[in-house]
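Residue numbers (my numbering), protein chains in the order written: chain A, 2 to 313; chain B, 409 to 522. Accompanying notes for the structure given below.
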């Protein structure tokens, strides 16, 4: 039974992926990509990666999809010109050959994976007690591989700075462009009033249980960002001017706390990002609480895009 | 259990292939960003299948690759967001969005903007 479900799921994912490749209209391809992202979430559940499924649903399908759809509708005037640039049959055949070779090589690699599979689960389990958290993925993210997580938070911040840097000179320091002009009495405005309270509770819950069960700050932060996006699209919320000092402090607060705790570890525990004995869990919690608002804001501002309206 | 890992591993290989094809064939830059995401999804699912094969001690998968996947997905989102922002700025500046090698025509009186 479950084999049949998995087979159908893999088939649907592939069909939707083919749709995003061959659809004539970029907008249609972007919409297909969102549905495909939601199905990938089910793939992650079947691969027993619930934490990854949450992040795929929120960021991979949700936020990336929203961004692609918004860009596709804005770039619609360029569609006709771009279609004329479609390469001829020889190029397409060569591309198909290259793609088939890549896929075949990967498929051979998948079938030749070593058995039994190497795993770090045992090492992780042996050392989980030292971190005080129950979710092994949170343990890996914030204790064993904390450096990755720190750099990830900074990469997201740098991406946002990169987006801001694309502002035209006249709009520098101003507000990002309006996301939408919605009917103030329409269904979107209604949903944007009803859904955010529910979404905020879900986001905080997913964040809160992240210490012991699947969930965590990235999942929570992306849901918070999505709730803001919903309100912004309905015209109920506006992005702040990017030159506002309080905004900038809130954006860097999370990474700064993370770096400060990491640097304190040099004196108290002998290494950067090491936690003193017995203090691991409270410190991990402090880092998570500091990162959640910063990440949510950063993701929301990435979605809002470059400043377009001059500061007044 | 191994079956799910192998099945979705092969599915991931096909996704990477599809993404590579789309990356070469589709002329629109936005479609190339989308294709880049499909390649990325394929790589992530393949990695997830490997993580699932490493299941032990009652966990459904090896937690180390699963944690790295969370990092990877967030970084892929950041990269796509930056690429889309660059593309939209290109469109605002030139009124066209193309990666063709001949330079885009000069903007005629701020084309595309009100």
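For each residue, glycine too, the CB sits at the ideal point set by N, CA and C.
(request) For residue 309 of chain A, name the three-state secondary structure that DSSP assigns. (result) strand
(message) Give me the chain C residues within the contact set of residue 45 of chain A, using Cβ-Cβ distance strictly less than 7 Å, ordered along the chain.
(response) This model lacks chain C altogether, as its protein chains are A and B.
(message) So, with DSSP's three-state summary, where would you put residue 25 of chain A?
(response) coil
(message) Give me the residue from A/264, A/81, A/306 with the minimum Cα distance to residue 233 of chain A.
(response) A/306
(message) What does DSSP give as the partner residue(s) for residue 176 of chain A in the beta ladder?
(response) A/310
(request) Can you say whether residue 419 of chain B is buried or exposed, counting buried as having 16 or more other CB atoms within 10 angstroms of its CB? (result) buried
(request) Name, please, each residue of chain A whose Cβ falls closer than 8 Å to the Cβ of residue 416 of chain B. (result) 7, 11, 44, 47, 48
(message) Count Cβ pairs between the segment 183-194 of chain A and the segment 17-30 of chain A that sit closer than 8 Å; are there 3 or more?
(response) no
(request) Return the CA-CA distance between residue 178 of chain A and residue 242 of chain A, expressed in angstroms with no decimal places. (result) 10 Å
(message) Quick check on the burial criterion: 16 or more other C-beta atoms within 10 angstroms. Buried or exposed for residue 206 of chain A?
(response) exposed
(request) Rank A/10, A/52, A/48 by C-alpha distance to the C-alpha of residue 40 of chain A and give the top, closest one. (result) A/10
(request) Grab the span of the alpha helix (DSSP H) containing residue 441 of chain B for me, first residue to last. (result) 437-461
(request) Determine, using beta carbons only, whether residue 496 of chain B and residue 123 of chain A come nearer to each other than 8 Å. (result) no
(request) Identify the contact partners of residue 219 of chain A in chain B, using a Cβ-Cβ distance below 9 Å as the criterion. (result) 478, 479, 481, 482
(message) Please tell me whether residue 114 of chain A has its Cβ less than 8 Å away from any Cβ of chain B.
(response) yes
(message) If we define contact as Cβ-Cβ less than 8 Å, is residue 444 of chain B a contact residue for chain A?
(response) no
(message) Just verifying my parser: in three-state terms, what is the DSSP assignment at residue 118 of chain A?
(response) coil
(message) Can you confirm whether residue 517 of chain B, when its beta carbon is compared against all beta carbons of chain A, has any partner nearer than 8 Å?
(response) Low confidence applies here, because residue 517 of chain B scores a pLDDT of 44, under 50, leaving its location unreliable and the question unanswered by this model.
(message) Can you tell me whether residue 75 of chain A is buried or exposed? The criterion is at least 16 other CB atoms within 10 Å of its CB, across all chains shown.
(response) buried
(message) What does the alpha-carbon distance come out to for the pair residue 136 of chain A and residue 286 of chain A?
(response) 13 Å
(request) Could you please tell me which residues of the segment 270-294 of chain A, in chain order, have their CB closer than 8 Å to any CB of chain B? (result) none
(message) Quick check: what's the CA-CA separation for residue 19 of chain A versus residue 432 of chain B?
(response) 14 Å
(request) Compare the C-beta of residue 213 of chain A against all C-beta atoms of chain B and say whether one is closer than 8 Å. (result) no
(request) From the DSSP output, in three-state form, read off residue 235 of chain A for me. (result) coil
(request) List the residues of chain B that residue 171 of chain A touches, going by C-beta distances under 9 Å, in chain order. (result) By Cβ distance, chain B contributes nothing, its closest Cβ being about 12 Å from residue 171 of chain A, past 9 Å.
(message) With H, G and I counted as helix, E and B as strand and the rest as coil, what does DSSP make of residue 520 of chain B?
(response) Residue placement at residue 520 of chain B is flagged as unreliable, the pLDDT there being 43, under the threshold of 50; the coordinate-derived value follows with that caveat. Coil.
(request) Taking only the alpha-carbon atoms, compute the straight-line gap between residue 309 of chain A and residue 173 of chain A and give it to the nearest angstrom. (result) 8 Å
(message) Just verifying my parser: in three-state terms, what is the DSSP assignment at residue 80 of chain A?
(response) helix
(request) Taking only beta-carbon positions, decide if residue 521 of chain B is within less than 8 Å of chain A. (result) Reliability of the predicted coordinates at residue 521 of chain B is poor, the pLDDT of 41 falling under 50, and the value obtained from them is presented with this limitation in mind. No - not a single Cβ of chain A is within 8 Å of the one on residue 521 of chain B.
(message) Quick check on residue 64 of chain A - is its C-beta less than 8 Å from some C-beta in chain B?
(response) yes
(message) Tell me which residues share the same chain as residue 238 of chain A and place their Cβ nearer than 7 Å to its Cβ, disregarding the 5 neighbours each side in the sequence.
(response) 229, 232
(request) Label residue 290 of chain A either buried or exposed according to how many other C-beta atoms from any shown protein chain fall within 10 Å of its C-beta, with 16 as the threshold for buried. (result) exposed
(request) Quick one: give me the first and last residue of the alpha helix (DSSP H) that residue 483 of chain B is part of. (result) 471-502
(message) For residue 454 of chain B, tell me which candidate among A/3, A/157, A/112 has the shortest Cα-Cα distance.
(response) A/112
(request) Specify, as a first and last residue, the run of the alpha helix (DSSP H) that residue 191 of chain A falls within. (result) 188-209
(message) Against chain B, with Cβ distances strictly below 8 Å, would residue 76 of chain A count as a contact?
(response) yes
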